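For reference, the structure discussed in these notes is given below.
Protein chains: 2
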Amino acid sequence: MDELRGHVRGRVATDAATRDAHGRGEGLHETMAPDAVVFGEDSDDIATTIKFCAKAGVPVIPFGAGTSLEGQVQALRGGVCLDLSAMDRVLEVSVDDLDCRVEAGLTREALNAHLRDMGVFFPLDPGANATLGGMAATRASGTNAVRYGTMRDIVLGLTVVTPSGEIIRTGGRTRKSSAGYDLTRLYIGSEGTLGVITELQLKLFGIPEQISAGLCQFISLEDAVNAVIVILQMGIDVARVELLDDRQMRACIAYSRLAPLQPIPTLFLEFHGSPAIVADTTTHVRGILKANGGGALQLAHTEEDRNKLWKARHDAYWAARAIAPGFDGIATDACVPISKLAHCIREAKAEASASGLPHALVGHVGDGNFHMLILFDPKSADGRGRAEALALNIARRSIRHGGTCTGEHGIGLGKLEMLYEEHGESIEVMRQIKLALDPNNLMNPGKTIPLP
Amino acid sequence: MDELRGHVRGRVATDAATRDAHGRGEGLHETMAPDAVVFGEDSDDIATTIKFCAKAGVPVIPFGAGTSLEGQVQALRGGVCLDLSAMDRVLEVSVDDLDCRVEAGLTREALNAHLRDMGVFFPLDPGANATLGGMAATRASGTNAVRYGTMRDIVLGLTVVTPSGEIIRTGGRTRKSSAGYDLTRLYIGSEGTLGVITELQLKLFGIPEQISAGLCQFISLEDAVNAVIVILQMGIDVARVELLDDRQMRACIAYSRLAPLQPIPTLFLEFHGSPAIVADTTTHVRGILKANGGGALQLAHTEEDRNKLWKARHDAYWAARAIAPGFDGIATDACVPISKLAHCIREAKAEASASGLPHALVGHVGDGNFHMLILFDPKSADGRGRAEALALNIARRSIRHGGTCTGEHGIGLGKLEMLYEEHGESIEVMRQIKLALDPNNLMNPGKTIPLP
């Protein structure tokens, strides 16, 4: 470590508190601390550290905001944690091209604060204020992927430090290209196992002239999902369409004081566009909601009301946690073809109810993605086991119905077993790629794609 | 070949006419015939043939409609051409999920004919009636990528036969997933060099309630491009926005009898949505065009008029060819950040004019992609050389301005040199992947990523 200190600009920490703070994300996996933490200041620092570790045969684990849920940052075999949070510069913004270049340690909220007066914004919003590098590494998305896509779609190019410490650039600035293998998409979702993302070229979007939000309550969850199917089929451009189930609504009503609302399945919606487009979209959506058994579309008429609505949605996790103070929680992440969504949610809810464990459900329903938060008493002997079994069933059911075990949280440690069930023989191709690019298995070893 | 005949369902042809017909696409590269052509009937046929070739150390070249432009199907080292055109079944359509599964030899037009009465469609339209497998292999797009994306965006999953003859499935049916490496995107654009695509899971879209098209003429090409920049910045949802330069317009007016139009830079536009949204979009766009020096927005009021407009656009290539009968043509494929587009087009046109070679230009201007068709007399001693030098300059300028040498045609043979200039050190990572997955370099050898 002393040798490394002389070669990087950033700080190198080996104290227990720093190491422990970098040994876990926000999931349930136990802390596994790295041996050292390097606070990289630029791509050269990252490259220097990786070369140093390659020579010494030491694992490298990249770390952004530490908000991943599936054990992506745990140092399974010790090694050096590369903390990128000091690499938080906005390198370039082009409003004409609707793009920007940023360092990987910048958070999504910091980027939007920087863009605030430029008329453009970066839409993706995973629950946490994650770093953009971490969001790319886990292929994250959030509530408005239905309109703006996921990190897969919004990243134009990357700077990556390879396992041998070379700095390469992938992709470019154009909206499309047919030039060679799509390395950008290969690194997106690879969770640091193929290299470390140090910079990102990102699409931006013009701030919509008008934003309108509202909610609609349903007696039946199936009806709510069916309404969304019709909206999507008709090509109606919703920016957000989120489902909260009866239990989640009960929790939110209590937590976020949504007194006049009922604890029944509810869609939260948002529309972006010109005033005429938003008005027309609202009219169409209102009709579809009504035809599918929904109550009145309750619009948020002021910006304050709209913010309150989305604050309640973003606080859904905390609202659900408040159902059972002192309990731990597991968030599932199944994503299915939308025609299977109502069925999969219904089955998940039936199993959860039968388990007796407290739970609540939110869904990025336009994408077919839903999260059930399953709560358990950490002091109970079998609570965690029952919660994990339930989560496993939900992931397996998703796969059986043509879906994925993870819509946006990633594989990390937590879903390795599921990856096999989901991707079968193609795992071997993933393994060939991993071994070709990182033959000594030093890049975040044990994550995403396990080696024999 | 006799041995292979006993193991595949499809026909195995070794006659010279069939081999020659499979030794070239639609580009200028000379015919290089394979030793045999296998007309695969299912994934098993493809797998059997690939296993047979792997054992014999014989190259395999996949072939769809033979419409690629960069020498993607030339059998540089002989070998077996896998013709997938008999694999043209639609395997499944889900209107609820807006997706379908098809065999790779199905053409885009055949897919849309199949979907005609279902209220959904597949939007991407490269110039040719290509197969969907070929479109994925070259990462193709067309005139409406600005709204619907490219093959990168519209493919949800693939069935691929690997270089060792294993049949794997990548991706899935969901709109998003964070499960493992993005093999789907790796195979898209890999031009058969990593495996053969045999089936595709594709997104579909609801047919818009209303479609409206029109055109607008400009004195200045810069003004036309600037109008498009404003349209994009404001987030106005255009389905198509195509630029034709003065020379292309002169050619189209003659070829497609567009008598009242002037031979000046022209935007062809199309809007999709509800009647109210189309009306509002039209109003906004009309204002932007006018504010940027455009003439009146001339709407196609009937479906017949609209079809005539787009027929003229799709015939632009033949119109330009008709400028110089008997000449050959090279189509460039530069794609740049849109802020650089006017500059790059202006410079390309100046060089082309100075060269004295006939030429014309069309652009998928919403994507920053433009094609200059450069014509030359094949009987002239230096015509082709001058045309190629001009094309090279256009690609190089694109790269210098943060763009790509190919927006949608691919690398094949024709742009190998450019790939190096564009992607630098990252080529080494592409090479590592190629060697890991196809260590004997038998999959379409010599294309996309050259090995030392």
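Keeping their order, the protein sequence lines are chains Z and H.
First residue of the first sequence? That's 1015 in this note's numbering, and the numbers climb one at a time after it.
First residue of the second sequence? That's 1015 in this note's numbering, and the numbers climb one at a time after it.
Heads up, the beta-carbon is just placed ideally off N, CA and C, and yes, glycines get one too.
In this text, all values refer to a predicted model and were calculated from it rather than measured experimentally.
Worksheet entry | Residue from T1207/H, R1166/H and E1040/H whose Cα sits closest to the Cα of M1149/H | Your numbering for residue 1149/H matches position 135 in the second sequence. Residue R1166/H is the option with its Cα nearest to M1149/H.
Item to complete: Mark R1105/H as exposed unless 16 or more other C-beta atoms lie within 10 angstroms of its C-beta, in which case mark it buried.
Response: Locating residue 1105/H in the second sequence gives position 91, where the first residue counts as 1. Going by the sequence as given, residue 1105/H is Leu instead of Arg. Looking at its Cβ environment, which holds fewer than 16 other Cβ atoms inside 10 Å, L1105/H is exposed.
Item to complete: Output, in sequence order along the chain, the residues in the segment 1296–1311 of chain Z whose CB is closer than 9 angstroms to any CB in chain A.
Response: Chain labels in this structure do not include chain A; the protein chains are Z and H.
Worksheet entry | Element boundaries [alpha helix (DSSP H), containing M1015/H] | For the purposes of this step, residue 1015/H is taken as the residue at position 1 of the second sequence. From DSSP, M1015/H is part of no alpha helix (DSSP H); its letter is neither H nor E.
Worksheet item: Given that C1067/Z touches chain H, what residues does it touch there, using C-beta distances under 9 angstroms?
Response: Here residue 1067/Z refers to the residue found at position 53 when the first sequence is read from its first residue. Neighbours of C1067/Z on chain H: none; closest Cβ ~19 angstroms, over 9 angstroms.
Worksheet entry | Exposure of R1327/H, with buried meaning 16 or more beta-carbon neighbours within 10 Å | If you number the second sequence from 1, residue 1327/H lands on position 313. Burial call: buried.
Item to complete: Give a yes or no on whether the minimum CB-CB distance between F1004/H and chain Z is below 8 angstroms.
Response: In the structure displayed, chain H extends from 1015 to 1466; residue 1004/H sits before or after that span and is not available.
Item to complete: For the segment 1043–1075 of chain H, list the alpha helix (DSSP H) runs that are entirely contained and at least 4 residues long, ordered along the chain.
Response: 1057–1070
Worksheet item: Taking DSSP as the reference, what is the three-state secondary structure of Q1247/H?
Response: Taking the second sequence and counting its residues from 1, one reaches residue 1247/H at position 233. It is helical.
Discussion item. My output table needs one value for G1417/H: the three-state DSSP class, helix, strand or coil.
Written reply: As a working mapping, residue 1417/H is identified with position 403 in the second sequence. In the structure shown, G1417/H sits in coil (DSSP, three-state: anything other than H, G, I, E or B).
Fill in: Span separating the alpha-carbon of I1425/H from that of G1085/H
In the second sequence, counting from the first residue as 1, residue 1425/H sits at position 411. In the second sequence, counting from the first residue as 1, residue 1085/H sits at position 71. If you take the alpha carbons of I1425/H and G1085/H, they lie about 8 angstroms apart.
Worksheet item: In three-state DSSP terms, what is R1183/Z?
Response: Along the first sequence, read from residue 1 onward, the residue named residue 1183/Z stands at position 169. Under the three-state reduction of DSSP output, R1183/Z falls in the strand class.
Worksheet item: For the ligand GDP, is there a heavy atom less than 7 angstroms away from the beta-carbon of A1035/H?
Response: Of ligands this structure carries none, so the ligand GDP is not represented either.
Worksheet item: Mapping DSSP to helix, strand and coil, what is M1457/H?
Response: The count along the second sequence starts at 1 and reaches residue 1457/H at position 443. Looking at M1457/H - three-state DSSP - the assignment turns out to be strand.
Worksheet item: With distances taken between CB atoms, is the gap from G1078/H to A1100/H smaller than 8 angstroms?
Response: The residue labelled residue 1078/H in the question sits at position 64 within the second sequence. The residue labelled residue 1100/H in the question sits at position 86 within the second sequence. Going by C-beta atoms, G1078/H is not nearer than 8 angstroms to A1100/H.
Worksheet entry | Unbroken stretches of the alpha helix (DSSP H), 4 residues or longer, contained in the segment 1147–1213 of chain H | 1159–1162, 1165–1168 and 1197–1201
Worksheet entry | Contact check, E1117/H vs T1152/H, beta carbons under 8 angstroms | Within the second sequence, residue 1117/H is the residue found at index 103, counting from 1. Within the second sequence, residue 1152/H is the residue found at index 138, counting from 1. For E1117/H and T1152/H, no; Cβs fall outside 8 angstroms.
Worksheet item: Under a three-way DSSP split, which group does A1388/Z fall into?
Response: If you number the first sequence from 1, residue 1388/Z lands on position 374. Here residue 1388/Z is Ile; the residue named in the question, Ala, does not match the sequence. Correct three-state label for I1388/Z: strand.
Item to complete: Please decide whether C1419/Z counts as near chain H, where near means a Cβ-Cβ distance under 8 angstroms.
Response: Taking the first residue of the first sequence as position 1, residue 1419/Z is located at position 405. Closer than 8 angstroms: yes.
Worksheet entry | Proximity test, Cβ basis, 8 angstroms: M1444/Z and chain H | Working through the first sequence from its first residue, we reach residue 1444/Z at position 430. By the rule that beta-carbons nearer than 8 angstroms mark a contact, M1444/Z touches chain H.
Item to complete: Alpha carbon to alpha carbon, how far is T1188/Z from R1264/H? Give it in angstroms, no decimals.
Response: As a working mapping, residue 1264/H is identified with position 250 in the second sequence. As a working mapping, residue 1188/Z is identified with position 174 in the first sequence. So the two alpha carbons sit approximately 29 angstroms from each other.
Worksheet item: Does T1028/Z come within less than 8 angstroms of chain H when only Cβ atoms are used?
Response: Taking the first residue of the first sequence as 1, we reach residue 1028/Z at position 14. Chain H, which has no Cβ nearer than 8 angstroms to the Cβ of T1028/Z, makes this no.
Fill in: Stretch-stretch touch, CB-based, cutoff 8 angstroms, three pairs: the segment 1430–1442 of chain H with the segment 1178–1197 of chain Z
At 8 angstroms Cβ cutoff, the stretches touch.
Discussion item. With DSSP as the reference, identify every bridge partner of D1097/H, one or two as the case may be.
Written reply: What you label residue 1097/H is simply residue 83 of the second sequence in a count that begins at 1. Partner(s): F1053/H and F1077/H.
Worksheet item: Anyone know if the C-beta pair for G1524/H and T1295/H falls short of 8 angstroms?
Response: Because chain H here runs from 1015 to 1466, residue 1524/H falls outside it and cannot be looked at.
Practice prompt. List the residues of chain H that G1438/Z touches, going by C-beta distances under 8 angstroms, in chain order.
Written response: Counting from 1 along the first sequence, the entry for residue 1438/Z is found at position 424. Going along chain H in sequence order, the residues near G1438/Z (Cβ under 8 angstroms) are I1182 and R1183.
Item to complete: Can you give me the Cβ contacts of L1253/Z inside the same chain, cut-off strictly under 7 angstroms, excluding the 5 residues immediately before and after it?
Response: Counting from one through the first sequence, the residue named residue 1253/Z turns up at place 239. With the sequence shown as reference, residue 1253/Z is identified as Ala, and Leu is not the correct amino acid for it. For A1253/Z, where only same-chain residues beyond five positions count, the Cβ hits under 7 angstroms are N1158, R1161, E1284, F1285 and H1286.
Item to complete: Tell me whether Q1446/Z sits in a helix, a strand or coil according to DSSP, three-state version.
Response: Here residue 1446/Z corresponds to residue number 432 of the first sequence, with the count starting at 1. Looking at Q1446/Z - three-state DSSP - the assignment turns out to be helix.
Discussion item. Quick test of the definition: if touching needs 3 or more C-beta pairs under 8 angstroms, does the segment 1357–1364 of chain H touch the segment 1226–1242 of chain H?
Written reply: Two segments are said to touch when three or more pairs of C-beta atoms, one from each, lie closer than 8 angstroms; by this definition the segment 1357–1364 of chain H touches the segment 1226–1242 of chain H.
Discussion item. Can you find the residues in the same chain that come closer than 7 angstroms, C-beta to C-beta, to G1133/H, ignoring five residues on each side of it along the sequence?
Written reply: One-based indexing of the second sequence puts residue 1133/H at position 119. V1109, G1220 and I1221.
Discussion item. If you follow the beta strand (DSSP E) that S1226/Z is in, where does it begin and where does it stop?
Written reply: The count along the first sequence starts at 1 and reaches residue 1226/Z at position 212. For S1226/Z, the enclosing beta strand (DSSP E) begins and ends at Q1224 to Q1231.
Worksheet item: Which residues of chain Z have a Cβ atom closer than 7 angstroms to the Cβ of A1350/H, listed in chain order?
Response: Stepping through the second sequence from its first residue, residue 1350/H is reached at position 336. One point to set straight first is that residue 1350/H is Val, not Ala, in the sequence displayed. Simply T1188.
Fill in: Unbroken alpha helix (DSSP H) run spanning H1437/Z, endpoints
Taking the first sequence and counting its residues from 1, one reaches residue 1437/Z at position 423. Here the alpha helix (DSSP H) through H1437/Z covers L1430 to H1437.
Discussion item. Suppose the cutoff is 7 angstroms on Cβ atoms and the five residues either side in sequence are ignored; what does the same chain contact list for L1042/Z look like?
Written reply: Locating residue 1042/Z in the first sequence gives position 28, where the first residue counts as 1. The answer, listed in chain order, is D1342 and I1344.
Fill in: 3-residue-minimum beta strand (DSSP E) runs that sit fully inside the segment 1245–1310 of chain Z, ordered along the chain
1254–1258 and 1280–1287
Item to complete: For my contact list, V1074/H and A1050/H are in at a C-beta cut-off of 8 angstroms; report their separation, rounded to the angstrom.
Response: On the second sequence, position 60 is the one that residue 1074/H refers to. On the second sequence, position 36 is the one that residue 1050/H refers to. 11 angstroms between Cβ atoms; not a contact.
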